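In my numbering, the protein residues as written are -10 to 170. Backbone N, C-alpha and C define an ideal beta-carbon position, used for all residues, glycine too. Treat the numbers as computed from the prediction; the structure is a model and nothing was measured. All remarks here apply to the structure that follows.
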Amino acid sequence: MIFSKLAASTCLVLSVFFTEAQQVKNTSYKTPSGEKVLRLEMIVPVDNKTAWNYFTKDALLQKWIAPLAHIELKTGGFILTNYDINKQLSDSTSIRLAIINYLEGELLTLKVKLNDNFTPEVQSEDGNLQELIQFIDMGGNKTKLISSMIGWGKGDSWDKTYDFFVKGNIWTYEELFKAIK
-10 MIFSKLAAST CLVLSVFFTE AQQVKNTSYK TPSGEKVLRL EMIVPVDNKT
40 AWNYFTKDAL LQKWIAPLAH IELKTGGFIL TNYDINKQLS DSTSIRLAII
90 NYLEGELLTL KVKLNDNFTP EVQSEDGNLQ ELIQFIDMGG NKTKLISSMI
140 GWGKGDSWDK TYDFFVKGNI WTYEELFKAI K
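Spelled out as structure tokens, the structure:
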């Protein structure tokens, strides 16, 4: 009996540990035509409206995505960020993500424009690179977020770019989870 209680409590501790450690799941895949989809999923412990606000309100964006952040939420709008608190959003080091479209509380589609941190080759070929962020109401104050980056090119430079975004996007979504929690 003591062993089974100890085993049960150990399983509970391990279960909590692994749940926390796997808050962002990488479910990436290749389409039948061979295109890569960088797909990350997570369930955040807030209702759908609150999750949506973390992507669409300046003050909430600043809690997790970058210390400097501004959004113009409209088709043709943008999200503007800078990781350096000593800079301004008008600085050339700021990152600008165009908003291709959105469905309130359901979907946000961003155009990813690669900056000078990437090779000129991939910068000139990034015309189809996008991030689609889905918001799925799971009920009970839980929202499933699915981020899918599509439009990757082919070749060594693109493979390195993809690997950069795998690491960077996982880190960013982990920051979101911390900010919400």
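So which of the options has the shortest CA-CA distance to residue i?
i    : options                 : result
Y43  : K143, N75 and L62       : L62
S22  : K143, N158 and L69      : K143
V111 : K133, G94, S146 and A40 : S146
I169 : S17, T132 and L99       : T132
L102 : V33, K149, G94 and G116 : Residue identity differs from the one stated: residue 102 is Lys in this sequence, not Leu. Answer by Cα proximity: G116.
K14  : L29, L92, K156 and D105 : L29
L118 : V26, T20, D36 and K19   : V26
L92  : P34, K156 and T45       : T45
G65  : E24, T82, D80 and N90   : N90
Do residue i and residue j have their C-beta atoms within less than 8 angstroms of each other?
i    : j    : result
I74  : P56  : yes
W160 : Y151 : no
F107 : L86  : no
T70  : I88  : no
F202 : M138 : What the structure shows of the chain is the stretch from -10 to 170, and residue 202 is not part of that stretch, so it cannot be assessed.
L96  : L121 : yes
Q51  : E163 : no
K156 : G94  : no
N158 : S136 : yes
Would you call residue i buried or exposed, if buried means 16 or more other Cβ atoms sit within 10 Å of its Cβ?
i    : result
A10  : In this prediction, A10 scores a pLDDT of 46, lower than 50, which makes its location untrustworthy; no coordinate-derived value is stated.
N130 : exposed
L99  : buried
M127 : exposed
A48  : exposed
Below 7 angstroms, is the gap between the Cβ of residue i and the nearest heavy atom of the ligand ATP?
i   : result
W41 : In the structure on display, the ligand ATP does not appear, and there are no ligands present to speak of.
Compare the C-beta of residue i against all C-beta atoms of chain C and say whether one is closer than 8 angstroms.
i   : result
A58 : Any reference to chain C falls outside this structure, which holds one protein chain only.
Self-check item: 4 or more residues per run - each alpha helix (DSSP H) lying fully within the segment 65 to 140
Solution: Fully enclosed alpha helix (DSSP H) runs of 4 or longer: 109 to 113.
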